[in-house]
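A quick write-up on the structure given underneath.
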Amino acid sequence: MSRSRLLPYLLIGPATVFLLALFVAPLVQTIALAFTHDGAASLANFAKMVGDLNFGLSIRNTFLLVLTVIPLQLCLALAMAMMVQKLEKGRDLVLWILIIPLGASDLAAGLVWLSILQDRGYFNTVLNMLGLVDGPVNWLSYETPVSLFVGVVLAELWRATAIVLVILIAGLQLIPKEYAEAAEIFGADAWTRFRRITLPLLKPSIQSALILRTVLAFEVFAVVYALSGRNFPVLVGEAYAWQHGNQNNGVAAAYAILVMAISLAATVVYIKALATRPETQP
Amino acid sequence: MTGLKRLLAAAAVSGAALTGAMAQETIFLSTQLRPVEEATKVRQIILKGAPGPVTFVVEEPSPFQTRMDAETQAGKRTISMVGALHGELAPLVASKGLEPVDGLVAKATALGVPDAMMALGKLGTNSQMYIPWMQATYIMAARKEALQYLPAGADVNSLTYAQLKDWAKAIQDKTGKRALGFPAGPKGLLARFFQGYLYPSYTGGVVATFKSAEAEAMWGAFKDLWAHVNPNSASYDFMQEPLMAGEVMIAFDHVARLKDALVAAPNDYVTFPAPSAGKGRGFMPVVAGLGVAPNAPNKAGAMATIEHLLKPETQIAMARELGFFPVVKADLPADLPGGIKLLVEGVAKTQGAKDALVSLLPVGLGAKGGEFNKVYVDTFQAIVLRGAPIRATLDAQAATLQTIMNETKAPCWAPDKPGDGACKVN
Chain Y
1 MSRSRLLPYL LIGPATVFLL ALFVAPLVQT IALAFTHDGA ASLANFAKMV
51 GDLNFGLSIR NTFLLVLTVI PLQLCLALAM AMMVQKLEKG RDLVLWILII
101 PLGASDLAAG LVWLSILQDR GYFNTVLNML GLVDGPVNWL SYETPVSLFV
151 GVVLAELWRA TAIVLVILIA GLQLIPKEYA EAAEIFGADA WTRFRRITLP
201 LLKPSIQSAL ILRTVLAFEV FAVVYALSGR NFPVLVGEAY AWQHGNQNNG
251 VAAAYAILVM AISLAATVVY IKALATRPET QP
Chain C
283 MTGLKRLLAA AAVSGAALTG AMAQETIFLS TQLRPVEEAT KVRQIILKGA
333 PGPVTFVVEE PSPFQTRMDA ETQAGKRTIS MVGALHGELA PLVASKGLEP
383 VDGLVAKATA LGVPDAMMAL GKLGTNSQMY IPWMQATYIM AARKEALQYL
433 PAGADVNSLT YAQLKDWAKA IQDKTGKRAL GFPAGPKGLL ARFFQGYLYP
483 SYTGGVVATF KSAEAEAMWG AFKDLWAHVN PNSASYDFMQ EPLMAGEVMI
533 AFDHVARLKD ALVAAPNDYV TFPAPSAGKG RGFMPVVAGL GVAPNAPNKA
583 GAMATIEHLL KPETQIAMAR ELGFFPVVKA DLPADLPGGI KLLVEGVAKT
633 QGAKDALVSL LPVGLGAKGG EFNKVYVDTF QAIVLRGAPI RATLDAQAAT
683 LQTIMNETKA PCWAPDKPGD GACKVN
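Below you can see the structure in the form of structure tokens.
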């Protein structure tokens, strides 16, 4: 009797220890670092963070990126998921190809796009062959903020849409076919079926995908770093710069706390906004 | 040393498990000479005559710091000696990662290490915290085909900043290329350009004159110059790469970061000092030092290795093989390889310039060195790249600079006038 009562605790034990040691402990340490200065409790690190030249810019850039990339990724992933669902042949192969970018690390993805978009990259080579430009064109410099931003968005779309896709496909497979068939009998066209049946039933998956993707998007760093260097400051990039370049881990920790607070707030918004009543699900 | 032994030593460094068994080994952790070819030369040539087995391990500056701190906090030392730049060794004083090496002072001085350099090695304490190891500086290099565009009457060996601008402008007018480059990338050493070259040349100071009228005029002039600078400069870390790729024709950088280009094609380049302005031709000697870790597993080996590295013949070998220059009295041989010779010439012309104005590395900033650099880079980013008003930016950044000075209580260093107490931004 007592063994079976203990068993659940034993089973979650290792995971709990793991989380405590590698997540909670560093989190507590980071909070302590952020709120101390010269050994005393203080908000000096946050004051320094807010007063920094790049602070406003990195907030603006990070939000701009998240607000552009996430809706695009959601639409793209939905379209791709519906397409894959409809495929009769070669479905696995298509899915496999679509999720290849998941295997590439952030930095590698950034470097791939760098090799495409830099002065002497593939993109300029193609433009040159087509006779559209007659020399290297700069797309990623501080003088071309728009094309730099577009470049970062493209790289992020390529790199991270697949994770949304995988979650949505898993969700789609849980929706019983009978609903769509019944709707079809009553004369609903494809768009109506998608809007009235698929989307509402997919809401829990969309919620998970959005939470996961948004939290990761607020942590965007390596892709931006590879493509823009210091030309497009983002929050985590600033944390990195304060930790390594400026060797001030207090301010770096303050940035980390800020990123965490923003991510938590975004998660709460999603949980409230996309709440589903259990009785509306099959 | 056999391959197996080296493997074991490496395991000892990373795992800290085999240290007891490897007591005879001196583990030498360095932030310098990291590229594989350079590290190999250190192991096979420079350390060959060392008195005992030395394992040369390299680490980037940030992990270097982390590792030293981790070993200090854990109370378990695997590293006996360290080699790093002055600015990388400075934070180790506060974090107790260095032990005084006063026992080597007499020997180093007798070999001819200059007193000013020995004083840097005290890192603001009363003891010798590191022994100078090797030195370098920053120079300019240009591809020879750029010389045809030099403005009339300009001598490449005694350029002014105004002439450098005219030169870059002439190249842009004739070829359509912005051919001047600076290492303004995230890992580039642009802060040193402002601290050791631009500010001293225009204002005769670095900290005290930070927001002076001369500084205001200087930033205006530099912004004009930047119109002819390759915009990719914001991502250049090492200027040897854009030079070799032909993206830029004229570049400023640390000698070690120009070396590959010069060594690959010594006949294609000229080297010359950085430009001058109203107050002279600023230049900054860079010093790397050798220190011993507290509770070093092999302190005697570390001390003996430092002595070996200071020998004039070792120092000459360092120059010949690696392009770093002796800190002791030693005459460089005439038969240096072409690229190294170009470096030596560039350095000699810089040091020997009639209007040379020496600017020391920041002294006494301890762990605030990174934030000190940030002031200069932020000022540059705001004024030059983002078009912020010069006066307002200087005033705002001067406040940050003064806070750093007050917190560290660092007195002014050359070319600012030395004085008591924290250096003041006037």
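From first to last, the protein sequence lines stand for chains Y and C. For the first sequence, position 80 (counting from the first letter as 1) is numbered 80 according to this note's numbering, and the numbering increases by one without interruption. Count along the second sequence from 1, then add 282; that gives the number in this note's numbering. All residues carry an ideal CB built from backbone N, CA and C; glycine is no exception.
Measure the alpha-carbon distance for residue i versus residue j and round it to whole angstroms.
{"i": "VAL489 (chain C)", "j": "LYS706 (chain C)", "result": "7 Å"}
{"i": "LEU78 (chain Y)", "j": "LEU165 (chain Y)", "result": "7 Å"}
{"i": "ALA390 (chain C)", "j": "GLN326 (chain C)", "result": "24 Å"}
{"i": "ARG359 (chain C)", "j": "ILE309 (chain C)", "result": "10 Å"}
{"i": "ALA367 (chain C)", "j": "LEU98 (chain Y)", "result": "Checking the sequence, you will find Leu at residue 367 (chain C) rather than Ala. Each residue's Cα considered, the two are about 47 Å apart."}
{"i": "LEU168 (chain Y)", "j": "ILE100 (chain Y)", "result": "16 Å"}
{"i": "ILE116 (chain Y)", "j": "PRO524 (chain C)", "result": "18 Å"}
{"i": "ALA398 (chain C)", "j": "ALA612 (chain C)", "result": "18 Å"}
{"i": "ALA303 (chain C)", "j": "ARG213 (chain Y)", "result": "Unreliable positioning characterises ALA303 (chain C) in this predicted model, as indicated by a pLDDT of 38, which lies under 50. A coordinate reading is not provided."}
{"i": "GLY646 (chain C)", "j": "GLY652 (chain C)", "result": "13 Å"}
{"i": "TYR420 (chain C)", "j": "GLY564 (chain C)", "result": "10 Å"}
{"i": "VAL84 (chain Y)", "j": "ALA473 (chain C)", "result": "52 Å"}
{"i": "VAL150 (chain Y)", "j": "VAL69 (chain Y)", "result": "10 Å"}
{"i": "ASP106 (chain Y)", "j": "LYS330 (chain C)", "result": "42 Å"}
{"i": "LEU20 (chain Y)", "j": "THR30 (chain Y)", "result": "14 Å"}
{"i": "VAL251 (chain Y)", "j": "VAL375 (chain C)", "result": "21 Å"}
{"i": "LYS272 (chain Y)", "j": "GLY56 (chain Y)", "result": "28 Å"}
{"i": "ASP259 (chain C)", "j": "SER409 (chain C)", "result": "The question about residue 259 (chain C) has no answer here: the residues shown for chain C are numbered 283 through 708."}
{"i": "THR690 (chain C)", "j": "LEU127 (chain Y)", "result": "54 Å"}
{"i": "ILE175 (chain Y)", "j": "VAL269 (chain Y)", "result": "25 Å"}
Which of the three DSSP states, helix, strand or coil, is assigned to residue i?
{"i": "LEU289 (chain C)", "result": "Only weak support is given to the placement of LEU289 (chain C): the predicted model assigns it a pLDDT of 48, under 50, and the value that follows is read from those uncertain coordinates. Here LEU289 (chain C) sits in helix by DSSP."}
{"i": "LEU429 (chain C)", "result": "helix"}
{"i": "GLU381 (chain C)", "result": "strand"}
{"i": "SER312 (chain C)", "result": "strand"}
{"i": "LEU367 (chain C)", "result": "strand"}
{"i": "ILE532 (chain C)", "result": "strand"}
{"i": "ALA40 (chain Y)", "result": "strand"}
{"i": "ARG195 (chain Y)", "result": "helix"}
{"i": "ALA547 (chain C)", "result": "coil"}
{"i": "VAL220 (chain Y)", "result": "coil"}
{"i": "THR685 (chain C)", "result": "helix"}
{"i": "SER558 (chain C)", "result": "strand"}
{"i": "VAL137 (chain Y)", "result": "coil"}
{"i": "ARG668 (chain C)", "result": "coil"}
{"i": "THR553 (chain C)", "result": "strand"}
{"i": "GLY564 (chain C)", "result": "strand"}
Buried or exposed: which applies to residue i, given that a residue is buried once 16 or more other Cβ atoms fall within 10 Å of its Cβ?
{"i": "GLU370 (chain C)", "result": "buried"}
{"i": "TYR484 (chain C)", "result": "buried"}
{"i": "LYS493 (chain C)", "result": "buried"}
{"i": "TYR122 (chain Y)", "result": "exposed"}
{"i": "ASN246 (chain Y)", "result": "buried"}
{"i": "ALA356 (chain C)", "result": "exposed"}
{"i": "SER42 (chain Y)", "result": "exposed"}
{"i": "SER228 (chain Y)", "result": "buried"}
{"i": "TYR255 (chain Y)", "result": "buried"}
{"i": "LYS656 (chain C)", "result": "buried"}
{"i": "ASP542 (chain C)", "result": "buried"}
{"i": "ASN27 (chain Y)", "result": "According to the sequence displayed, residue 27 (chain Y) carries Leu and not Asn. The residue is exposed, with fewer than 16 neighbouring Cβ atoms inside 10 Å."}
{"i": "PRO343 (chain C)", "result": "buried"}
{"i": "MET129 (chain Y)", "result": "exposed"}
Of the choices the options, whose alpha-carbon is the least far from that of residue i?
{"i": "THR457 (chain C)", "options": "C:VAL530, C:LYS541 and C:GLU381", "result": "C:VAL530"}
{"i": "PHE520 (chain C)", "options": "C:ALA509, C:TRP508 and C:ALA533", "result": "C:ALA533"}
{"i": "PRO579 (chain C)", "options": "C:ASP617, C:ALA332 and C:THR337", "result": "C:THR337"}
{"i": "GLU279 (chain Y)", "options": "Y:PRO204, Y:LEU114 and Y:GLY56", "result": "Y:PRO204"}
{"i": "GLY620 (chain C)", "options": "C:ALA601, C:MET363, C:LEU643 and C:ALA638", "result": "C:ALA601"}
{"i": "ILE622 (chain C)", "options": "C:GLY605, C:SER312, C:ALA649 and C:ILE413", "result": "C:GLY605"}
{"i": "LYS699 (chain C)", "options": "C:LEU639, C:MET526 and C:LEU676", "result": "C:LEU639"}
{"i": "SER66 (chain Y)", "options": "Y:ASN249, Y:PHE218, Y:LEU274 and Y:ARG230", "result": "One point to set straight first is that residue 66 (chain Y) is Val, not Ser, in the sequence displayed. The option with the nearest alpha carbon to VAL66 (chain Y) is Y:PHE218."}
{"i": "LEU642 (chain C)", "options": "C:ALA401, C:LEU507 and C:PRO335", "result": "C:ALA401"}
{"i": "GLU603 (chain C)", "options": "C:ALA452, C:THR682, C:VAL545 and C:TYR479", "result": "C:VAL545"}
{"i": "ASP384 (chain C)", "options": "C:GLY701, C:ASP506, C:TYR412 and C:ARG316", "result": "C:TYR412"}
{"i": "ARG285 (chain Y)", "options": "Y:ALA190, Y:SER147 and Y:LEU201", "result": "The shown model of chain Y, from 1 to 282, leaves out residue 285 (chain Y), and the question about it has no answer."}
Practice problem: Write down every uninterrupted run of the alpha helix (DSSP H) in the region 412-493 of chain C whose length is 4 residues or greater and which is fully enclosed by it, in chain order. | Solution: For the alpha helix (DSSP H) assignment, the uninterrupted runs of no fewer than 4 residues enclosed by the region 412-493 of chain C are, from N- to C-terminal side, 443-457, 472-475 and 481-485.
Quiz prompt | Completely contained alpha helix (DSSP H) runs for the region 235-272 of chain Y, where each covers 4 or more residues | solution = The region 235-272 of chain Y contains these whole alpha helix (DSSP H) runs: 235-240.
Quiz item: Can you list the alpha helix (DSSP H) stretches of 4 or more residues lying completely in the region 56-115 of chain Y, in chain order?
Solution: Correct list: 91-98.
Practice problem: Could you tell me which uninterrupted beta strand (DSSP E) segments, each at least 3 residues in length, are contained entirely in the region 570-638 of chain C, listed from first to last along the chain? | Solution: Whole beta strand (DSSP E) segments, 3+ residues: zero.
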